[in-house]
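A.B. asks: Chains as they are written, first to last, in our numbering: chain E, 393 to 643; chain W, 1179 to 1483. Got a structure for you, written out below as structure tokens; questions coming shortly.
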Amino acid sequence: MSGFRTLLYKEILRFWKVMVQTVGAPVLTALLYLLIFSHVLEDHVQVYPGVSYTAFLMPGLIMMSVLQNTFANSSSSLIQSKITGNIVFVLLPPLSYLEFFLAYLFAALIRGFTVGLGVLLVGLFFADIEMRHPFWILAFALTSGAVFACMGIIAGIWATQYDNLAAVQNFIIMPLTFLSGVFYSIHSLPPFWQSVSHFNPVFYMIDGFRYGFFGHGDVNPWLGLGVVMPFVILLAGVTLKLLKSGYKLRH
Amino acid sequence: MSPAVRLRGLEKRFPRVHALRGIDLDIEQGEFFGLLGPNGAGKTTLISILAGLTRASAGSASIMGFDVTAQYREARRALGVVPQELVYDPFFTVRETLRLQSGYFGLRRNDDWIDELLTHLGLTDKADVYTRLLSGGMKRRVLVAQALVHKPPVIVLDEPTAGVDVELRQSLWNFIRRFNRDGHTIVLTTHYLEEAEMLCERVAMLRDGRIVALDSTANLLHAGAERRLLLDLDAPELPEFLRPRLKGREGDRYVLDLPDFGDLEGILAKLREAGVVIRDLALRQADLEEVFLNVMHDTGKGRAS
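What follows is the structure, given as structure tokens:
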């Protein structure tokens, strides 16, 4: 397992060495969302009784940061290695595809959690945030992060240039996360968009995560986990299959 | 003792190119082996299959008796590859790069060996410099060090001296020769045929995905041993007794066949007797380049007919 440990360490070192860009920037972005939306909406919107809008916004922003950064970490690491050619450094050693998968998965989760924690710490200055059910917080952060980490690995393997990746990021990841109830409760939406939201798996991730904070959500967290879990299994399975076949890595 | 490298019926078809068309080859342990051929002959594809970077369409490849797909862990542990492209990871220093590479091979606390590699490759004062800041030649040395962190019994170098200055080329070859003396098998591809001639005990020539010549370097040179005598004479025409040897002219010089250098003395004596003055004289011995060109030319003709 020493190969796995080294690859994980390398992947963590990779983002840590440029943490201004990989951790600092996304925390700042989340902070800006927090400042602007809470300034505009604080006095007008109360989603759940007894929960200020700023407090309501926090879990959504944290989860959005976790998802975007787990995806960004695995996908950008792979595409950079492929384009610069240094991917051979990890293809030549006797690493199994499972070690390869786990190293990229855990590194992405660690990056996502670091950013998420950063957003949480900054957010504490702006709102009282309670954490009623740490189990649900952790369960949704882990499973949802894993889904996006896998998507990142798949996208990184599939993409042949930065452009491909930017397309996935801007046309799939961003809309999925923005239209999932980060900034609002779907109960405030017209009935049609409410039912559309139910087909967006990210909605369940954010809702369940938020439930962990307030003990209050749009759907039951067990249902949420029941929706997210199959995605974890499916995407992990697809990723492992791709890695095993050597798709676009070993020609 | 299993051979260092064994290829059997190795084929590789890419969507548009049939890169390897059935390669059978054994490279014995301890050999210094050369793999030659023009661009597109399949050298890099062959090496990529050994390294597990490319998968064969048919046939098999093994390293130290380990199949490169079924026993990829053992096979890769036995192999060190210096890739042709000058690749590096911009995030890490030289020492970090070598420590990581050691870790991938399951080696922790490999610093003694890393220090030794750095010393021999003249990289000691660059150990804590980011690899992206190094010159091309230095980056090449880092790649060599990376390939050797796990002391692999089989070392493959794919065009390692392309674009490298003479001094580094010399020190690199001295270093690789030492490995070879210690029993490591070396497989080398190069465009510099004099390098192959100087270093390799045995050579395979590839063309269009096939091996078209495979022999010891000495035999290849001997078989293609077309020794020539070049004479520029102060005479209106070539003396009668030399006519059978005439192969052609290069400017003012007659190119004469001279299979045995021992004949030279007789020829000179006869010329003196005939009163012919020699303005210029040169001997030419076959080198690998000539053999290479002949082989490539002949097989090319063979294929066309």
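Every residue gets a Cβ at the ideal spot worked out from N, C-alpha and C, and that includes glycine. In this text the structure is predicted, and so the values were computed from the model without any measurement.
1) Under a CB-based cut-off of 8 Å, is D1267/W close to chain E?
2) Taking the alpha-carbon of L334/E as reference, which of L1278/W, V1260/W, P1216/W has the nearest alpha-carbon?
3) Which partner residues does K1190/W have in the DSSP bridge list?
4) Can you tell me where the alpha helix (DSSP H) with A1447/W in it begins and where it stops?
5) Give the range of the alpha helix (DSSP H) segment to which I545/E is assigned.
6) If you compare alpha carbons, which of A547/E, F448/E, I565/E is closest to E522/E?
7) Have a look at V1454/W and R1405/W and give me their C-alpha separation to the nearest angstrom.
8) With distances taken Cα to Cα, identify the nearest neighbour of V1433/W among M1179/W, F1192/W, R1423/W, M1316/W.
9) Taking the continuous beta strand (DSSP E) assigned at M1383/W, which residues delimit it?
10) Would you give the residue range spanned by the beta strand (DSSP E) that T1367/W belongs to?
11) Going by beta-carbon coordinates alone, are G544/E and A417/E separated by less than 8 Å?
12) Tell me the DSSP secondary structure of D555/E in three-state form.
13) Skipping 5 residues on each side, what residues in its chain have a beta carbon closer than 8 Å to that of L1459/W?
14) Pull up the distance between the alpha-carbon of K640/E and that of F623/E, whole angstroms please.
15) Determine the burial state of R1356/W: buried for a count of at least 16 other Cβ atoms within 10 Å of its Cβ, exposed for fewer.
16) Over the uninterrupted beta strand (DSSP E) stretch that includes K1484/W, give me the two end residues.
17) Among D1360/W, Q1348/W, L1446/W, which has the Cα closest to the Cα of L1436/W?
18) Terminal residues of the continuous beta strand (DSSP E) containing F396/E?
19) For chain E, find out if any of its Cβ atoms is closer than 8 Å to the Cβ of G1281/W; answer yes or no.
20) The region 1197 to 1224 of chain W: which residues have C-beta closer than 7 Å to a C-beta of chain E, in chain order?
21) Buried or exposed for R1287/W, please, with buried defined as at least 16 other CB atoms from any protein chain shown within 10 angstroms of its CB.
22) Kindly indicate which residue of V1332/W, G1440/W, R1318/W has the alpha-carbon position closest to the one of L1228/W.
23) Any idea what DSSP makes of F1270/W, helix, strand or coil?
24) Here's a check: name, in chain order, each residue in its chain whose Cβ is nearer than 6 Å to the Cβ of Y496/E, leaving out the five neighbours to either side.
25) Are the CB atoms of M1242/W and S1180/W nearer to each other than 8 Å?
26) Find the nearest neighbour of E1451/W within the set R1427/W, F1419/W, G1315/W, judged by alpha-carbon distance.
27) One question on the structure: do L1326/W and L1295/W come within less than 8 Å of each other, judged by their Cβ atoms?
28) Helix, strand or coil, according to DSSP, for F1211/W in the structure here?
29) By alpha-carbon positions, which one of N1358/W, L1299/W, I1364/W, V1381/W ends up nearest to E1345/W?
30) Using the C-alpha atoms, what's the distance from V415/E back to F605/E?
C.D. replies: So, from the listed chains and residues:
1) Position 89 of the second sequence, counting from 1, holds the residue named residue 1267/W. D1267/W counts as touching chain E.
2) The question about residue 334/E has no answer, for chain E in this structure spans 393 to 643.
3) In the second sequence, residue 1190/W corresponds to position 12, counting from 1. DSSP output for K1190/W lists L1198/W as bridge partner(s).
4) Sequence index remark: in the second sequence, residue 1447/W carries index 269 (1-based). According to the DSSP assignment, A1447/W belongs to the alpha helix (DSSP H) that extends over 1441 to 1451.
5) Start at 1 with the first residue of the first sequence, and residue 545/E comes out as number 153. Per DSSP, I545/E belongs to the alpha helix (DSSP H) from 526 to 550.
6) By one-based count along the first sequence, residue 522/E stands at place 130. Minimum Cα distance to E522/E is reached at F448/E.
7) The residue labelled residue 1454/W in the question sits at position 276 within the second sequence. The residue labelled residue 1405/W in the question sits at position 227 within the second sequence. Each residue's Cα considered, the two are about 23 Å apart.
8) Counting from 1 along the second sequence, the entry for residue 1433/W is found at position 255. Selected option, being the one with the closest Cα: R1423/W.
9) Position 205 of the second sequence holds residue 1383/W. Looking at the DSSP string, the run of the beta strand (DSSP E) that includes M1383/W is 1380 to 1385.
10) Sequence index remark: in the second sequence, residue 1367/W carries index 189 (1-based). T1367/W -> beta strand (DSSP E) spans 1363 to 1367.
11) As a working note, residue 544/E is residue 152 in the first sequence. As a working note, residue 417/E is residue 25 in the first sequence. Not closer than 8 Å, so no.
12) Position 163 of the first sequence holds residue 555/E. In the structure shown, D555/E sits in a helix (DSSP, three-state: H, G or I).
13) Counting from one through the second sequence, the residue named residue 1459/W turns up at place 281. The residues are L1407, L1408, L1409, D1410.
14) Along the first sequence, one-based indexing puts residue 640/E at 248. Along the first sequence, one-based indexing puts residue 623/E at 231. Using only the alpha carbons, I get a separation of about 23 Å.
15) Taking the second sequence and counting its residues from 1, one reaches residue 1356/W at position 178. The residue is exposed, with fewer than 16 neighbouring Cβ atoms inside 10 Å.
16) Nothing in the structure corresponds to residue 1484/W, since chain W is present only between 1179 and 1483.
17) In the second sequence, the residue the question calls residue 1436/W occupies position 258. The residue with the shortest Cα to Cα distance from L1436/W is L1446/W.
18) As a first step, residue 396/E must be located in the first sequence, where it is residue number 4. Counting along the chain, F396/E falls outside any beta strand (DSSP E), though it belongs to the alpha helix (DSSP H) covering 394 to 408.
19) Counting from 1 along the second sequence, the entry for residue 1281/W is found at position 103. Closer than 8 Å: yes.
20) none
21) Residue numbering aside, residue 1287/W sits at position 109 when the second sequence is read from its first letter. Exposed, since its Cβ has fewer than 16 Cβ neighbours within 10 Å.
22) For the purposes of this step, residue 1228/W is identified with residue 50 of the second sequence, where counting begins at 1. Ranking the options by Cα distance to L1228/W, first place goes to V1332/W.
23) Looking up residue 1270/W in the second sequence gives position 92. Three-state DSSP puts F1270/W in coil, outside helix and strand.
24) In the first sequence, the residue the question calls residue 496/E occupies position 104. Closer than 6 Å at Cβ, skipping near neighbours: S466, I545.
25) In the second sequence, the residue the question calls residue 1242/W occupies position 64. In the second sequence, the residue the question calls residue 1180/W occupies position 2. Closer than 8 Å, so yes.
26) What you label residue 1451/W is simply residue 273 of the second sequence in a count that begins at 1. Checked all of R1427/W, F1419/W, G1315/W; the closest Cα to E1451/W is F1419/W.
27) As a working note, residue 1326/W is residue 148 in the second sequence. As a working note, residue 1295/W is residue 117 in the second sequence. Yes, Cβ-Cβ distance for L1326/W and L1295/W is below 8 Å.
28) Your numbering for residue 1211/W matches position 33 in the second sequence. Of the three classes helix, strand and coil, the one that applies to F1211/W here is strand, per DSSP.
29) Residue 1345/W sits at position 167 when you count from the first residue of the second sequence. The shortest C-alpha separation from E1345/W is found at L1299/W.
30) As a working note, residue 605/E is residue 213 in the first sequence. As a working note, residue 415/E is residue 23 in the first sequence. Rounded to whole angstroms, F605/E to V415/E spans 23 Å at the Cα level.
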